[in-house]
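Number of protein chains: 2
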Amino acid sequence: MAQAKRASSKKERRQESETLILAAAEKVFAEAGYGGATMQLIADLAGLPKANLHYYFPTKEALYRQVVEKIFQIWLEAADAFDKADGPREGLGAYIDAKMEISRRQPAGSKVWAFEVMHRAPIIQDYLETTLMEWTKGRAQLIQGWIEDGQMDPIDPQILLNMIWATTQHYADFSHQIEVLNGSQPLSDEQWNAAKADVKNIILKGLGVK
Amino acid sequence: MAQAKRASSKKERRQESETLILAAAEKVFAEAGYGGATMQLIADLAGLPKANLHYYFPTKEALYRQVVEKIFQIWLEAADAFDKADGPREGLGAYIDAKMEISRRQPAGSKVWAFEVMHRAPIIQDYLETTLMEWTKGRAQLIQGWIEDGQMDPIDPQILLNMIWATTQHYADFSHQIEVLNGSQPLSDEQWNAAKADVKNIILKGLGVK
DNA sequence: CCATATGTTGACTAATCGGTCAAGATTTTT
DNA sequence: AAAAATCTTGACCGATTAGTCAACATATGG
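Quick mapping for you: the protein sequence lines, in order, are chains A and B.
Just so you know, we're using our numbering here: the first sequence kicks off at 109 and counts up by one.
Just so you know, we're using our numbering here: the second sequence kicks off at 109 and counts up by one.
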């Protein structure tokens, strides 16, 4: 069988194949969990023979690890909004917006993350203890600064972060429940915007942000 | 081998065995997901031979179904707090308290629920469409009434319910992440109380509840 | 105390899964 | 264009799993 893509080089096709497989894997892992996912399902979704998957990713666990690492990166990049802000209204607002947008655009990734953490993070435990821990400490200090400046009520920053993570990721992780309660319809643009606005308003007002 | 419990009748022991198996199954399903859980693991945790599980629960799916149904019942019972209240401060406050307490006491159950919904609810889809839908509509009306009475700001009740579910269940579903960020220590009594209080304060203040 | 119903269990089976491999195809390098 | 490197794939294998079954043990009811 001849290659389908002849205009691309071998290196380019490697990149394409890996991306294709990772996208399929993310979806299957999200829908079935690690244990429920099979390499055959991922291969079928990617349109490749199963043996080919094992050429690019030697084991199921290696493939899973890459999926989780990719999600973790996106997760961290959403924090940019946080840092560039002057105060809690701009900073927290932009962060909530960014995380809601991730839940909307990448629900599968969020679900895989949730799976991984629920399973006591067997694969990315080290990331939790190092990268996530440091990230969290930095943001907590930022929030603490806002509190000391009198820009918001005194509240344990960790509890606030938990609340933002929970609320925003809920829209991805529990998207099925949300759809069912919405008359088995996905949320419309208007409903997404309303959710974003209401979540921001409740939290910012609840924090006493001016 | 003689029965260990001789004081109990056969009917009583059936009840005991089923409860024992359900408790073990809840734990294993929570830790490994449906696909990752094995009947052997559940049997070992329950201290019974695997074949005995199949005597009480014919298939893995039947066992899983009963676990999920049990959780759904607890889920609904937490709503009692909601109904007996005069206004949002008492009603929402008691509901948040009840759900936080469930997350603390029954984290495994909450995780299984999350798994099930993330998998597009293959087992309890009908519950979502009937019982949960009706429950939600009733509570949304109650909240709408509070809004019309001027007891809280006008906010889509569904968004508020999502926020409460997300925040409270996060403490069960992501308990591992929370522990890691707490220096790999479970939350103390004081931390749990602080979380409950802060969550309630932020949401109630954010809703403009007097 | 016998007969029947209920409960227990080790051994077994069919199916599925992750992973291997060798033989061949294609592209790149020399 | 030959040689080397890279990629593709069907067939296969050992391990694991849900579920079965027949033989046995115990309890119940007459």
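By construction, the Cβ of each residue, glycine as well, lies at the ideal position given by its N, Cα and C atoms.
None of the values given here were measured: they were computed from a predicted structure.
Can a CB atom of chain A be found closer than 8 Å to the CB of residue i?
i         : result
B/Lys-113 : At B/Lys-113 the pLDDT is 38, less than 50, meaning the model places this residue with poor confidence; the figure from the coordinates comes in the next sentence. No, B/Lys-113 lies away from the interface with chain A (no Cβ there is under 8 Å from its Cβ).
B/Thr-275 : yes
B/Asp-152 : no
Using the beta-carbon of each residue, which ones in chain B are nearer than 9 Å to residue i?
i         : result
A/Gly-314 : Asn-309, Ile-310, Ile-311, Leu-312, Lys-313, Gly-314 and Leu-315
A/Leu-200 : Chain B residues near A/Leu-200: none, gap ~12 Å exceeds 9 Å.
A/His-278 : Asn-270, Met-271, Trp-273, Ala-274, Thr-275, Gln-277 and His-278
Can you confirm whether residue i, when its beta carbon is compared against all beta carbons of chain B, has any partner nearer than 8 Å?
i         : result
A/Glu-242 : no
A/Gln-181 : no
A/Arg-228 : yes
Going along chain A in order, which residues have a C-beta closer than 7 Å to the C-beta of residue i?
i         : result
B/Phe-282 : Val-225
Inspect the beta-carbon positions of residue i and residue j and report whether they are closer than 8 Å.
i         : j         : result
A/Pro-230 : A/Leu-315 : no
B/Gly-217 : B/Ile-182 : yes
A/Gly-143 : B/Ala-140 : yes
A/Ile-179 : A/Val-220 : yes
B/Ala-303 : B/Tyr-279 : yes
A/Val-175 : B/Glu-237 : no
A/Ala-186 : A/Ile-210 : yes
B/Ile-204 : B/Ile-310 : no
A/Arg-129 : A/Leu-149 : Note on residue identity: the sequence assigns Ile, not Arg, to residue 129 of chain A. No, they are not a contact pair.
B/His-284 : A/Arg-213 : no
A/Ile-232 : A/Glu-224 : yes
B/Asn-270 : A/Ile-286 : yes
A/Asp-281 : B/Ala-222 : yes
In chain A, what lies closer than 8 Å to residue i by C-beta?
i         : result
B/Ala-334 : Residue 334 of chain B lies beyond the stretch modelled for chain B, which goes from 109 to 318, so this question has no answer here.
Applying a beta-carbon distance threshold of less than 9 Å, which residues of chain A neighbour residue i?
i         : result
B/Leu-236 : His-284, Gln-285, Val-288 and Leu-289
B/Asp-306 : Ile-263, Asp-264, Ile-267, Leu-268 and Met-271
Quick one: measure Cβ to Cβ for residue i and residue j, integer angstroms, because I've assumed they're closer than 8 Å.
i         : j         : result
B/Met-260 : B/Val-317 : 5 Å
A/Ala-193 : A/Gly-199 : 3 Å
B/Met-208 : B/Thr-276 : 5 Å
B/Leu-240 : B/Ile-251 : Incorrect: roughly 16 Å between the Cβ atoms, too far for contact.
A/Ala-154 : A/Ala-132 : 4 Å
B/Ser-125 : B/Tyr-164 : 6 Å
B/Pro-265 : B/Ala-248 : 4 Å
At a Cβ cut of 7 Å, what residues of the segment 128-143 of chain A count as close to chain B, listed as they run along the chain?
Glu-139, Ala-140, Gly-141, Tyr-142 and Gly-143
Residues of the segment 258-270 of chain B with a CB closer than 9 Å to any CB of chain A: list them in chain order, please.
Asp-261, Ile-263, Asp-264, Gln-266, Ile-267, Leu-268, Leu-269 and Asn-270
Using Cβ-Cβ distances below 9 Å, what residues of the segment 191-222 of chain A are close to chain B?
Lys-219 and Ala-222
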